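Student: My numbering applies: residue 682 is where the sequence shown begins, and numbers increase by one. Ideal Cβ placement from N, Cα and C applies to all residues, glycine included. The model shown is predicted, which means the values in this text are computed figures rather than measured ones. Below is one structure. I have some questions about it.
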Amino acid sequence: MVPILALMGCALPDQRQASGTVVESTALSAAMSAEAVSDFRSAASNWDILYRQHPDDPAFALKLARALRYSGQVQPSIDTAASFLDRHPANPALLAELGKDYLAGDRLGLAVRVLRQAAEAAPGDWEPLSALAVALDYQHAYGEAQQVYARALVLAPDNPVLLNNLGLSLAEAGDLKKAEATLSKAVDQPKATAQVRQNLALIKALAGDSAAAERLARQDLPPEAVRSNGVYYRSLADGVKLR
């Protein structure tokens with residue numbers, strides 16, 4: 682009886698491999714399902730399982746760092762990306778992620794430095810340039826930020842994310858006319874989101890056109906929010922007219 686118990690207590694190599702495969706498959710499915718409903722904290726927990734099993738896989742490192750950042754766990758996200766880059770320094774995607782992590786942590790100097798490196802490492806990718814431009818906007822370096830957005834738009838013409846962020850940068854710099862034109866172009870893109878439309882609504886109100894702002898608000902917001910925003914938009918427009 683004793684030998685039988687001993688055999689039952691020991692997993693054979695094939696059994697261990699099968700068990701590991703099941704765990705990984707379950708974690709992968711759970712991570713993807715969690716991301717689909719924007720449950721990034723749960724997604725991060727499952728990407729962490731996979732990353733621990735495959736610490737040199739850049740895809741799992743990137744997924745984990747991104748999910749951590751999206752769930753507000755900024756320092757763990759920084760640690761994940763930085764640790765991977767210590768071992769594999771020539772990975773542009775992880776370099777860009779680290780820059781975004783620093784940006785999320787309001788470490789703007791580091792964000793700009795790392796995102797410049799990421800943009801140089803992936804000259805055909807618009808996303809590092811987009812993040813770099815946002816970081817420059819946060820530093821109030823609007824002129825340079827707008828130059829970087831222009832470079833990104835060469836790679837991704839009419840990209841609504843880039844047009845939206847460029848429009849906001851122009852507004853921050855005080856050029857409402859160009860901001861309105863740029864955001865209007867962003868809104869006209871098929872993949873424009875509600876956030877882009879509401880950003881244009883705000884700029885319309887700042888430019889004195891509260892009626893247009895309210896029309897945009899009605900496209901995405903419930904009636905109560907439209908009424909509340911309408912009061913705000915009219916106050917902004919009235920302020921413009923009194924100048």
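(1) Note down the Cα distance separating P757 from L776, rounded to an integer number of angstroms.
(2) Under 8 Å between the Cβ atoms of S891 and R915?
(3) Which first and last residues belong to the alpha helix (DSSP H) in which Q870 is found?
(4) Which whole-angstrom value describes the C-beta separation of A816 and L796, a residue pair presumed to lie in contact below a C-beta threshold of 8 Å?
(5) Measuring CB atoms only, is the region 837-844 touching the region 818-829, in the sense that at least three cross pairs come out at less than 8 Å?
(6) Starting from Q820, trace the alpha helix (DSSP H) both ways and give me its first and last residue.
(7) Within a Cβ cutoff of 7 Å, which residues of the same chain sit near A800, ignoring the five residues on either side of it in sequence?
(8) Whole angstroms are fine: how far does the CA of W728 sit from the CA of A708?
(9) With burial defined as no fewer than 16 other Cβ atoms inside 10 Å of the residue's Cβ, what is the status of A778: buried or exposed?
(10) Where A762 and V912 are concerned, what is the direct C-alpha to C-alpha distance, given to the nearest angstrom?
(11) What do you reckon, are the CB atoms on S850 and A875 nearer than 8 Å?
(12) Within 10 Å of its beta-carbon, does V703 have 16 or more other beta-carbons around it, so buried, or fewer, so exposed?
(13) Under 7 Å Cβ to Cβ from R747, same chain only, skipping five residues before and after it: list those, please.
(14) I'd like the list of long-range same chain contacts for R924, defined as Cβ closer than 6 Å, with 5 residues on each side in sequence excluded.
(15) Starting from the C-beta of Q870, find all residues in its chain whose C-beta is less than 6 Å away, skip the five residues before and the five after it, and write them out in chain order.
(16) Where does A888 sit, in a helix, a strand or coil, going by DSSP?
(17) Can you give me the C-alpha to C-alpha distance between S719 and A803, rounded to a whole angstrom?
(18) Compute the beta-carbon to beta-carbon distance between A893 and N910, rounded to the nearest angstrom, for a pair I have assumed lies under 8 Å.
(19) Measure the alpha-carbon distance for L881 versus A854 and round it to whole angstroms.
(20) Counting only the same chain and skipping the five closest in sequence on each side, list residues whose C-beta sits under 7 Å from that of A831.
(21) The alpha helix (DSSP H) that contains R788, what's its start and end?
Tutor: On the basis of the coordinates in this document:
(1) 15 Å
(2) yes
(3) Segment: none, Q870 is in no alpha helix (DSSP H) and carries neither H nor E.
(4) 6 Å
(5) no
(6) Careful: Q820 lies outside any alpha helix (DSSP H) and carries neither H nor E.
(7) P809, L810 and L813
(8) 7 Å
(9) Sequence check: residue 778 is Glu here, not Ala. E778 should be labelled buried.
(10) 45 Å
(11) no
(12) exposed
(13) E778
(14) Caution applies to R924, whose pLDDT of 39 falls short of 50 and renders its modelled position unreliable; the value that the coordinates give is listed next. Here the set comprises nothing.
(15) D839 and P841
(16) coil
(17) 28 Å
(18) Incorrect: roughly 13 Å between the Cβ atoms, too far for contact.
(19) 16 Å
(20) none
(21) R788 -> no alpha helix (DSSP H), and no H or E assigned at all.
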